[in-house]
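>
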Amino acid sequence: MSLIYGITEYSRKRKAMRKKQLISIAVVTLFVMSFVSVVAVAKIKADNAPDFVLKSASGKNVRLSEHKGRIVMLNFWATWCGPCAEEIPHLNKLHESLDPYDFELLGINLDEDQSKAIHLANKLDVNFPVLFDTEKDVSRSFDIKAMPTTIIIDRAGKIRHVNRGFKKGYIERYHRQIQALRKE
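Throughout, the working numbering is defined as the position within the sequence shown, counted from one, plus 49.
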C-alpha cells in the first residue's frame with residue numbers, strides 16, 4: 050500500500066513540477082516576444098513611411114508621397130476581420146470631423162478578391178479612399194502583423210504611431226494622436 054502511495058505522491062509532485070516549468074517557459078516566452086514586438090514597432094516608428102502606389106476602388110492610382118505635407122492615416126483591413134468592420138463606421142466619423150486640407154485617411158484592403166472589399170465598403174458607406182493591396186507588398190513593407198492596423202504618418206512622411214487591433218477608445222486615441230501632430 051505504501052509503495053502505491055509513494056508512486057502516486059511522486060507522480061503528483063512530478064506533474065506539479067512540470068506545470069511550474071511550463072508556466073515559467075510561457076512567461077519567459079511572452080516577455081521575449083513582447084520585447085521583440087516593442088523593438089519592431091520602435092524601428093517602424095523611427096522610419097520614413099515607405100512610398101507605394103495602389104489602385105483605389107474608383108480605379109485611380111494613389112501614391113502615398115503625393116500626400117506629403119498632410120497627416121496621413123493608413124488603416125489596413127480585410128473583410129474577414131470582425132474588428133475591422135466594427136471600426137469602419139467610427140473611422141467614417143473621424144474622417145468627416147477632420148479638415149481634409151491637412152489630413153487624409155486611406156483604407157488599405159488586403160483581400161485577394163476586391164469585389165468582397167467593395168461590397169463591404171458600400172454596405173458600410175465608407176467615405177474615405179479604399180486601396181487594394183492584393184499582393185500584400187505594402188502590408189509587408191509596413192510590417193503588418195495584426196488586423197486592423199492603423200498607422201499615422203506626420204507631414205514630413207515619418208511614421209509616428211502604430212496602432213494594432215481595435216478596441217473601444219481607439220478612435221479617441223487616433224484623434225489625440227492626430228491633434229498632437231497638427232500642433233507640431
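Note that the Cβ used here is the ideal one computed from N, Cα and C, for glycine as well.
When you compare each of D162, S188, K172 and E135 to K217 by their alpha carbons, which one comes out closest?
For K217, the nearest C-alpha among the options comes from E135.
> Between the beta-carbon of T128 and the beta-carbon of L155, is there less than 8 Å?
Their beta carbons are not under 8 Å apart, which means T128 does not touch L155 by this criterion.
> Measuring alpha carbon to alpha carbon, tell me which residue in E161, V211, E153 and Q163 is nearest G176.
Strictly speaking, residue 176 in this sequence is Asn, with Gly absent from that position. That would be E153, whose Cα lies nearest to the Cα of N176.
> Give the range of the alpha helix (DSSP H) segment to which K217 is assigned.
Here K217 belongs to no alpha helix (DSSP H), and DSSP marks it neither H nor E.
> From the DSSP output, read off the bridge partner residues of S30.
The chain is shown from 50 up to 233; residue 30 falls before or after that span and cannot be answered.
> In terms of DSSP beta bridges, what is H210 paired with?
BP columns for H210 point to I201.
> With N110 as the anchor, note down where its beta strand (DSSP E) starts and where it stops.
From DSSP, the beta strand (DSSP E) with N110 extends over N110 to R112.
> Decide if the region 175-189 is in contact with the region 201-216; the criterion is three or more beta carbon pairs, one per stretch, under 8 Å apart.
No: the two stretches stay apart, fewer than three of their Cβ pairs being nearer than 8 Å.
> Along the chain, where does the alpha helix (DSSP H) containing E145 start, and where does it finish?
First-last of the alpha helix (DSSP H) with E145: G131 to S146.
> Going by beta-carbon coordinates alone, are L180 and V121 separated by less than 8 Å?
No.
> Please work out which residues of its chain come closer than 6 Å, Cβ to Cβ, to G206, disregarding the five sequence neighbours upstream and downstream, and give them in chain order.
If we look at G206 and ignore the five residues flanking it on each side, its Cβ neighbours are N97, A98 and K117.
> Checking 8 Å against the spacing of the C-beta atoms, do L230 and I201 come in under that value?
Going by C-beta atoms, L230 is nearer than 8 Å to I201.
> Taking K104 as the reference, give the member of L140, D148 and D186 with the closest Cα.
Closest option to K104, Cα to Cα, is D186.
> For the alpha helix (DSSP H) that contains V175, what are its first and last residues?
That residue, V175, is in no alpha helix (DSSP H); it is neither H nor E in DSSP.
> Keeping to the same chain, check which residues put their C-beta closer than 6 Å to that of D100; ignore five residues upstream and five downstream.
If we look at D100 and ignore the five residues flanking it on each side, its Cβ neighbours are L113 and S114.
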